[in-house]
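Novice: Protein chains in written order, with the working numbering: chain A, 15 to 237; chain B, 15 to 237; chain C, 15 to 237. Right, I'll just put the structure down here and ask away after.
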């Protein structure tokens, strides 16, 4: 039943969209870091495919889908070429890129969770791998660019939480035997909208209690 | 015979302890790097489970134990929560954390070596994977925090050597058919004590010969 | 037929040479970063074996060759010891090291592509994995040393392109049923010579168009 959630061609098209927008974010960071054209292509590939490759290695889906589907491999190269030639325009539409990136986040946390469950993992592990699928490429991107992963930084809008919510919705649906095209679509859309809201209202996650208050004290010199 | 070294429940309890203390060290670094609560949780998970996941992927134990045993996944989250709410207290008991971390090092280098051998690797490779199990999580922790891995730095007390000694003791026991609860326990305790001594007496490993003397010359201006 | 390209012993000897020269480059970077003797050994191992381990995990060749062949494991340790005791001499012969590193690049992009194809990957994926085999160790080396991978930087001579050319030559030979000792040797030598030429004439890859012109404008103040 699980693999009938979407028709294969719809699922594939959604995957390609997610891969494309993640690749754009990788290529843009590469331009900002002043990498050459090959660095741009490598960072686009790693950002787009890294999370899925990690998931497939963990669940034993060997070789990973990224190496068996030519579209998965070529899409990041197209994204890299677009950024290479048009990047001021791409940056100007950064809002659009962010929206697509949020869509990729929603799609990947759902499809990653489902694939992990199909390969026999437990519900908690499936949700964890869904999260890893959604955010893993971005973490690899930042590590290769020699930056602290923006996933971990407190001064970035919430990124993990929307993916966690989406993945947890999927495993709850699986648990209560309610996973279908509508419910998994709802999970993806919830993650997508939460991410958009987090960006719109600059939602941040708290830091460790005493550290935060210590910083507050420094600036206020009260208490 | 190998899997009778410890009763499964004892082995599992030791694993959980090792995972817990490694997670504490990851969470503390995350606080020091000013990560938010999700960054703390991620770094705790990666530090605690990274070495074991790497070992399991290499030996083909798919999915890795970290994704099949709920306790392995939840323990780092508990450690992260403790650090999040109590981290000045946790830092105050840094000595205690270091002792537990040394215990985790001893346990993981032994259990990692044994598991690799059980999966058919040679003696040298098993010892190498035992070392990787023990130190891999810490290396991943430092890479994600965008720091030079403390494993590699010359100005840190010996960390790899105790794990190497423990792993080599295990493969020697295997080679001479003497591996049992006592001998593997002795290997773990030896690694544990060596690490404690290295911290107590600030044992360092040498750097490359000419670099070291060049630095000495700069400060002393004498041969 | 594919596995008759070279006699096994010749293939093995070429692998060992490639591993050795990559290990030298890792150990030299470790000395430059002031790592201790264990850091030097770890960076030598990771640089020499990282690309091949990644390829083997992806194609499901478990355990990776690096963990089944003792020579693969010991060779980097010998390279690390040489650098540890002799590194000014090794640095003095940096030209020689660069030539050997280029040879390793040529050998690994060819052997990596062939091994991936033998494990059932498509032509494009095989070439991509051949490239990853050749450059993966160097990327891991730079990540562990907390530097931007030199593969990605625009101010380094072309490194990926020679490996891409070699890997593409191999898959073209496979496609047209012309892979043999001579043609795969020609691919390795082409990659090798291209890399030597790139170093000799400082060939660089272009950066994103507008970024490049913007930088030019800054210095010339002319359109």
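Beta carbons: idealized from backbone N, C-alpha and C, even for Gly. All of these numbers come straight from a predicted model, not from anything done at the bench.
In whole angstroms, what separates the C-alpha of residue 147 of chain C from that of residue 109 of chain B?
Specialist: Cα to Cα, the separation comes out at about 42 Å.
Novice: Kindly indicate if chain A contains any beta-carbon less than 8 Å away from that of residue 132 of chain C.
Specialist: No, residue 132 of chain C lies away from the interface with chain A (no Cβ there is under 8 Å from its Cβ).
Novice: How far does the alpha helix (DSSP H) with residue 68 of chain A in it extend, from its first residue to its last?
Specialist: Its alpha helix (DSSP H) spans residues 51-73.
Novice: Would a check of beta-carbon distances place residue 160 of chain B closer than 8 Å to chain C?
Specialist: So yes, residue 160 of chain B belongs to the interface.
Novice: Would you say residue 157 of chain C lies against chain A (beta-carbon separation less than 8 Å)?
Specialist: So, interface residue.
Novice: Please confirm whether residue 233 of chain B has its beta-carbon closer than 8 Å to some beta-carbon of chain C.
Specialist: With a pLDDT of 43 at residue 233 of chain B, under the threshold of 50, the predicted position of this residue should be treated as unreliable, though the coordinate-derived value follows. Residue 233 of chain B does not count as touching chain C.
Novice: Can you check DSSP and say which residues form a bridge with residue 189 of chain B?
Specialist: Looking at the DSSP assignment, residue 189 of chain B forms no beta bridge with any residue, so it has no partner.
Novice: Take residue 51 of chain C and list the residues in its own chain whose beta-carbon comes closer than 7 Å to its own, dropping the five residues that flank it on each side.
Specialist: Same-chain partners within the cutoff: 98.
Novice: With a threshold of 8 Å between beta-carbons, can residue 111 of chain B be considered close to chain A, or not?
Specialist: Closer than 8 Å: no.
Novice: Which stretch, first to last residue, makes up the alpha helix (DSSP H) that contains residue 164 of chain C?
Specialist: No alpha helix (DSSP H) holds residue 164 of chain C; DSSP gives it neither H nor E.
Novice: How about residue 119 of chain A and residue 214 of chain A: are their beta carbons less than 8 Å apart?
Specialist: No, these two residues do not count as a Cβ contact at 8 Å.
Novice: Within 10 angstroms of the Cβ of residue 40 of chain A, are there 16 or more other Cβ atoms? Answer buried if so, exposed if not.
Specialist: Buried is the call here.
Novice: Taking only beta-carbon atoms, is residue 153 of chain C less than 8 Å away from chain B?
Specialist: Output row for residue 153 of chain C: interface = no.
Novice: Would residue 60 of chain A pass as a contact of residue 54 of chain A if the rule is Cβ separation under 8 Å?
Specialist: The answer is no: Cβ separation not under 8 Å.
Novice: Measuring alpha carbon to alpha carbon, tell me which residue in B/79, B/47, B/194 is nearest residue 124 of chain B.
Specialist: Among B/79, B/47, B/194, the Cα nearest to that of residue 124 of chain B is on B/194.
Novice: Rounded to the nearest angstrom, how far is the Cβ of residue 88 of chain A from that of residue 38 of chain A, given a contact under 8 Å?
Specialist: About 15 Å; that fails the 8 Å criterion.
Novice: State the Cα-Cα distance for the pair residue 144 of chain C and residue 155 of chain A, rounded to the nearest angstrom.
Specialist: Roughly 21 Å separates the two Cα atoms.
Novice: Please classify residue 219 of chain C: is it buried, with 16 or more other beta-carbons within 10 angstroms of its beta-carbon, or exposed?
Specialist: Classification of residue 219 of chain C: buried, given that the 10 Å Cβ count is 16 or more.
Novice: What's the C-alpha gap between residue 165 of chain C and residue 157 of chain C?
Specialist: Cα to Cα, the separation comes out at about 11 Å.
Novice: With 16 other CB atoms within 10 Å as the buried threshold, where does residue 73 of chain B fall?
Specialist: Burial call: buried.
Novice: How about residue 201 of chain C and residue 184 of chain C: do their beta carbons lie closer than 8 Å?
Specialist: Result yes, Cβ atoms of residue 201 of chain C and residue 184 of chain C sit closer than 8 Å.
Novice: Would you mind working out which of C/217, C/131, C/221, C/36 sits nearest residue 121 of chain C, comparing C-alpha positions?
Specialist: Comparing Cα positions, the closest option is C/36.
Novice: With which residues is residue 221 of chain B paired in a DSSP beta bridge?
Specialist: Answer by DSSP bridge pairing, in chain order: C/50.
Novice: Residue 67 of chain C and residue 58 of chain C look like a contact to me (Cβ under 8 Å); what is the Cβ gap, rounded to whole Å?
Specialist: Not quite, the Cβ-Cβ distance comes to about 14 Å (not below 8 Å), so this is no contact.
Novice: Please report the Cβ distance between residue 63 of chain C and residue 151 of chain C, rounded to the nearest whole angstrom; I am assuming they are in contact, meaning their Cβ atoms lie under 8 Å.
Specialist: Indeed, because the Cβ distance is near 7 Å, the residues count as touching under 8 Å.
Novice: Runs of 4 residues minimum, wholly inside the region 89-136 of chain A: which ones carry the alpha helix (DSSP H) assignment?
Specialist: For the region 89-136 of chain A, whole alpha helix (DSSP H) runs of length 4 or above, ordered along the chain, are 108-132.
Novice: Name the chain B residues that come within less than 9 Å of residue 54 of chain C, Cβ to Cβ?
Specialist: Those are 166, 221, 222, listed as they occur along chain B.
Novice: Just the chain B side, please: which residues come within less than 9 Å of residue 135 of chain A by C-beta, in chain order?
Specialist: Within chain B, the residues near residue 135 of chain A are 77, 81, 82.
Novice: List the whole-angstrom C-beta distance separating residue 49 of chain B from residue 167 of chain A, where the pair is believed to meet the contact cut-off of C-beta under 8 Å.
Specialist: Between residue 167 of chain A and residue 49 of chain B the Cβ distance is about 7 Å, and since that is below 8 Å, they are a contact.
Novice: Taking Cβ-Cβ distances shorter than 8 Å, what residues in chain A pair up with residue 74 of chain C?
Specialist: The contacting residues are 76, 77.
Novice: Do you know whose CA, among A/113, A/31, A/141, lies nearest residue 69 of chain A's CA?
Specialist: It is A/141.
Novice: Does the distance from the C-beta atom of residue 239 of chain B to that of residue 90 of chain B stay below 8 Å?
Specialist: Lying before the first or after the last residue shown, residue 239 of chain B is absent from chain B, which here runs from 15 to 237.
Novice: With a CB to CB cut of under 7 Å and the five nearest residues on each side skipped, what residues in its chain are close to residue 221 of chain A?
Specialist: Same-chain partners within the cutoff: 168.
Novice: Quick one: grab the DSSP three-state call for residue 86 of chain C.
Specialist: Three-state result, residue 86 of chain C: helix.
Novice: Cα separation between residue 206 of chain C and residue 29 of chain C?
Specialist: Distance between the alpha carbons of residue 206 of chain C and residue 29 of chain C is about 15 Å.
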